[in-house]
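A.B. asks: Mind looking over this structure? Questions follow.
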Amino acid sequence: MSIKRYVFSSCSLSMNGCQGDDHDPRAPIGTIETRTFPAVSTPALAVESLNAAIADMQSQPSASDSGIIRLEVPILEQIEALDWLHSQDQSLHLPRCFFSGRNRITISDLSQSINGNAFNPRTSTSVEDNDVVSVAGVGSAVLFRSLHPFSYHDWLSIKRFLSKNCPLIRAYGAIRFDERASISPEWKAFGSFYFMVPQVEFDELEGSSKIAATIAWDNALSCTYRNAIASLKMTMARVSSVVTRLRQEASHAYITSTDHDPSRKSWDKSVNQALERIKGDYSLLKKVVLARSSKVVTSTDVNPLAWLGSLKGEGKDAYQFCLQPPESPAFIGNTPEQLFRRDEFSIFSEALAATRARGGSESLDLQIAHDLFSSPKDHHEFAIVRENIRRKLEAVCSSVVINPEKVVRKLSRVQHLYGRFSGTLRSEDDEFTILSSLHPTPAVCGFPTEVARDFITDTEMFDRGMYAGPVGFFGGRQSEFAVGIRSALIGKGIGALIYAGLGIVEGSDPALEWEELELKASQFMKLMKLEVPTLATTV
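Using this note's numbering, you'd call the opening residue of the sequence shown number 106 and step up by one each time.
Here's what the structure looks like:
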């Protein structure tokens, strides 16, 4: 059976079925270009300008056999990308994506004075250097998906369509936590990886916005310029230029049932088995991350974008994302953890491990942070993550700096031990090496990686899918990936599958770890009413 490597939106399997198994990923694209048009005051005028530009392109076909062209129109108003995506008709059956980077990490986010462990803030605060706040997209100019594990060949196939001269042509998507594992029905549409260059995209910037349309074609794959234009026009005709604000409030749905996998009893058994293995005289296992999938059935369907909107207050400390293939559940998340960010040859990564709740008062919060920082068990868990990332970065970087080495990072609901890395890649191709070696980190899998992954495979009875996998984008100039934790899969027929996990090391206690699972899942659970409302009666 032939598995497609990438598919153009105008040449899907339901049309002329072009697929990229036999393509040369190193073959250059004939044209890679960004065309920017004059700024306008409203989304409606921006859409009008894009439609005129597409009509001009249709009347003047490109001479290149292959290409990708991005048309963009600035809007003189900052409009939230999530509002724009929410305003699009959800019945269009088009793939959609959303990605929002974190705010800059500031000194106030980090407890730098505990036990005198200070750090240099000048090298620890940068997260995002350009002015893109968040990106939403519908339709795919190019879609990359496979049932096979993500490979160097696949990475080259994506990079073929990207250029440093067109930095906002990006492929957004995610990769499974364990690509070796069988794919369960709820994750089938995502494959082992799923990346899309949006056909129509809305960029929220600092102080302004931008709407863009992208066309891609390759005659070698029977995906012609003419067909690509026709597909883009069809998508543009279905895009709404009226943007309505997404109400950021808890869902009106109430929970009718909740089913944890594993159950509390099975969780205790799994944690104790892990501890026995870790303590074994001849065991290599030092840490394993066990996860829980909580299936929540609600009285009405949950809107995944409404959930993201409700989490926005916490989102300033986290990456937010949504990835949804056509007619499939949506994978959404609100994750604080960065896997890596590449800015040309500069690379950045983080170690994040161990968790405590925030305190109800300043003094209690400081005491909890002190306990976290001083805990031998939590230091051990964090050190495993930090040293593993250090070794992997040193293998492909000419230099690696860790600053800070260990501090407490405070989020809105929880706090973690945190360290930050920066380095310089020796080669541009090392981006794939970074991705494939950093994932999965000991923070979401364990250590040693293969020993921990085998334990997870033998122990967990559910499919993690993209949970705890890389989620983000590849770009010509920059790439950035978060770790897909604090996430959920939401769709009709499955309700909400809410995922949470934590590291098991020597000294872990099953009851305390279950409480931590509840804490991590609470950001989603709080969005729903926990009790069925009582029916009114007449007397």
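Every residue, glycine too, gets a C-beta built ideally from N, C-alpha and C.
Name the one or two DSSP bridge partners that GLN520 has.
C.D. replies: ARG461, LYS515
A.B. asks: Within 10 angstroms of its Cβ, does LEU380 collect 16 or more other Cβ (buried), or is it exposed?
C.D. replies: A buried status is given to LEU380, since no fewer than 16 other beta-carbon atoms sit within 10 Å of its beta-carbon.
A.B. asks: Quick one: residues in its chain with C-beta nearer than 7 Å to the C-beta of PHE255, no 5 flanking neighbours on either side, listed in chain order?
C.D. replies: Once the five neighbours on either side are set aside, the close Cβ partners of PHE255 are ILE280, GLU284, SER297, PHE298.
A.B. asks: When the distance is taken between beta carbons, is LEU390 closer than 9 Å to ARG397?
C.D. replies: no
A.B. asks: Does the Cβ of GLN443 have 16 or more other Cβ atoms within 10 Å, making it buried, or fewer, making it exposed?
C.D. replies: buried
A.B. asks: Using a Cβ-Cβ cut-off of 7 Å (strictly less than) and excluding sequence neighbours within five positions of ASN222, which residues of its own chain qualify?
C.D. replies: A caution first: ASN222 carries a pLDDT of 47, below 50, which makes its placement in the model too unreliable to give a value.
A.B. asks: Quick check on ALA379: does DSSP put it in helix, strand or coil?
C.D. replies: Assignment of ALA379 by DSSP, reduced to helix, strand and coil, places it in the helix class.
A.B. asks: From what residue to what residue does the alpha helix (DSSP H) around TRP322 run?
C.D. replies: Here TRP322 belongs to no alpha helix (DSSP H); instead the beta strand (DSSP E) covers 314–323.
A.B. asks: Smallest Cα separation from VAL348: which of ASP194, ALA557, SER541?
C.D. replies: ASP194
A.B. asks: Quick one: what's got a C-beta closer than 8 Å to THR136's C-beta in the same chain, skipping five residues either side?
C.D. replies: SER167, SER169, SER171, GLY172, ILE173, ILE174, listed in sequence order.
A.B. asks: With H, G and I counted as helix, E and B as strand and the rest as coil, what does DSSP make of ASN408?
C.D. replies: coil
A.B. asks: Can you tell me the Cα-Cα spacing of LEU197 and ALA246, whole angstroms?
C.D. replies: 16 Å
A.B. asks: Can the beta-carbon of GLY701 be found closer than 9 Å to that of VAL402?
C.D. replies: A question about residue 701 goes unanswered here, because the residues of the chain that appear run from 106 up to 644.
A.B. asks: For the beta strand (DSSP E) that contains GLU309, what are its first and last residues?
C.D. replies: Under the DSSP assignment, GLU309 falls in the beta strand (DSSP E) whose first and last residues are 298–310.
A.B. asks: Taking GLU486 as part of the alpha helix (DSSP H), name the residues at either end of that continuous run.
C.D. replies: GLU486: member of the alpha helix (DSSP H) spanning 481–499, first to last residue.
A.B. asks: Which residue from LEU176, LYS597, GLU555, PHE586 puts its Cα closest to that of ALA321?
C.D. replies: LEU176
A.B. asks: Taking the alpha-carbon positions, what's the THR147 to GLN183 distance?
C.D. replies: 10 Å
A.B. asks: Taking 9 Å as the cut-off, decide whether the C-beta atoms of ILE489 and GLU455 are in contact.
C.D. replies: no
A.B. asks: TRP189 to SER336, Cα distance in whole Å?
C.D. replies: When rounded, the distance between both Cα atoms is 21 Å.
A.B. asks: What residues are listed by DSSP as bridge partners for GLY528?
C.D. replies: ILE452, VAL505
A.B. asks: Nearest-angstrom Cα distance between ARG250 and ILE263?
C.D. replies: 11 Å
A.B. asks: Alpha helix (DSSP H) containing SER171: first to last residue?
C.D. replies: Here SER171 belongs to no alpha helix (DSSP H); instead the beta strand (DSSP E) covers 171–180.
A.B. asks: Taking the beta carbon of ALA557 as the centre, do at least 16 other beta carbons fall within 10 Å, making it buried, or is it exposed?
C.D. replies: buried
A.B. asks: Give the range of the beta strand (DSSP E) segment to which PHE204 is assigned.
C.D. replies: Looking at the DSSP string, the run of the beta strand (DSSP E) that includes PHE204 is 201–205.
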